[in-house]
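J.:
There are 2 protein chains.
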Amino acid sequence: MDLKTATEIGKCLSNQTRFQIMEWLKEPEKHFPPHETLKHFNDGVCVTYIQEKAGLSQSTISTYLTNMEKCGLLISTRHGKWSYLKRNEKTIKEFTDFLT
Amino acid sequence: MDLKTATEIGKCLSNQTRFQIMEWLKEPEKHFPPHETLKHFNDGVCVTYIQEKAGLSQSTISTYLTNMEKCGLLISTRHGKWSYLKRNEKTIKEFTDFLT
DNA sequence: CAAACATATTTATAAATCTCGATATATCAA
DNA sequence: TTGATATATCGAGATTTATAAATATGTTTG
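Chain order of the listed sequences is A and B. Our numbering puts the first residue of the first sequence at 12, with every later residue one more than the last. Our numbering puts the first residue of the second sequence at 12, with every later residue one more than the last.
(1) Quick one: what does DSSP say C23(B) is sitting in, helix, strand or coil?
(2) Just how far apart, CA to CA, sit L49(A) and T59(A)?
(3) Sort out for me which residues DSSP pairs I86(B) with in a bridge.
(4) Return the first residue and the last residue of the alpha helix (DSSP H) that P39(B) is part of.
(5) If you draw a straight line from the alpha carbon of K64(B) to that of K37(B), how long is it in whole angstroms?
(6) When the Cα atoms are used, what is the spatial distance from Y95(A) to F52(A)?
(7) Specify, as a first and last residue, the run of the alpha helix (DSSP H) that T111(A) falls within.
(8) Can you pull the chain B neighbours of N26(A), defined as C-beta to C-beta under 8 Å?
(9) What are the boundary residues of the alpha helix (DSSP H) that includes E63(B)?
(10) Give me the Cβ distance between G21(B) and G21(A), rounded to the nearest whole Å; I'm assuming they're in contact under 8 Å.
(11) Return the residue from the list T111(A), L14(A), F30(A) that minimises the CA-CA distance to Y75(A).
Below is the structure:
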């Protein structure tokens with residue numbers, strides 16, 4: 012992990028809503044309803060569910076999630092019209108290793 | 012570790028200079044000269060040395076370090092007119108545990 | 001194809017942060 | 001006590017971020 016990536020991750024973690032999303036996604040089944048089409052959480056949770064739980068606008072959450080993916084905190088997978096987000100444990104570990 | 016503290020730490024880690032300071036303080040003897048009075052690094056490094064290495068103004072670095080101490084990333088110890096800063100490994104671990 | 005739905009991007013304004021110089025405070029040394 | 005040194009705090013202008021409404025893009029379904 013290089014310094015620039017690490018600080019980009021720091022930016023994502025500098026806001027309670029974004030940090031909370033990282034926490035929610037540790038246990039998606041505990042914090043989100045099952046999706047209408049995909050009956051599992053293998054690829055995480057769709058944008059709308061995260062947006063509703065966070066209580067911020069669609070555009071704000073979309074921007075958050077895009078940035079969180081760009082710096083490697085999240086992995087995004089498309090299934091039809093839905094984007095699913097899950098934690099990227101590999102990058103998270105690289106980040107904590109770098110800090111430690 | 013609560014969410015608020017975690018995001019305060021995130022803010023400190025959202026800037027390359029501040030993150031770099033955390034890295035430098037992993038191995039003070041490798042990145043800083045020995046101090047004129049204290050011949051060891053048990054309490055870390057004085058503000059001036061950090062400021063000179065970072066290349067930002069004294070007031071900026073002082074503010075950085077104060078905030079980094081407030082959120083628990085650093086421990087500050089006074090010896091006479093000098094303040095020494097070192098990493099607070101306990102809080103760092105609580106933070107990485109919280110994220111993981 | 002057209003309508004409906006999910007997500008992404010653009011644009012704009014308010015709020016927060018960055019960074020510094022100036023100044024204040026604290027401590028040591030003569 | 002005075003002057004020098006180290007650090008902290010204040011005030012301000014420049015830059016960045018937060019957040020949303022509007023709009024665009026992509027996908028499914030009738």
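The beta-carbon is built from N, C-alpha and C at its ideal position, and this holds for glycine as well.
T.: The structure says:
(1) helix
(2) 14 Å
(3) K97(B)
(4) 39-42
(5) 15 Å
(6) 9 Å
(7) Counting along the chain, T111(A) falls outside any alpha helix (DSSP H), and DSSP gives it neither H nor E.
(8) T18, G21
(9) 58-65
(10) 6 Å
(11) F30(A)
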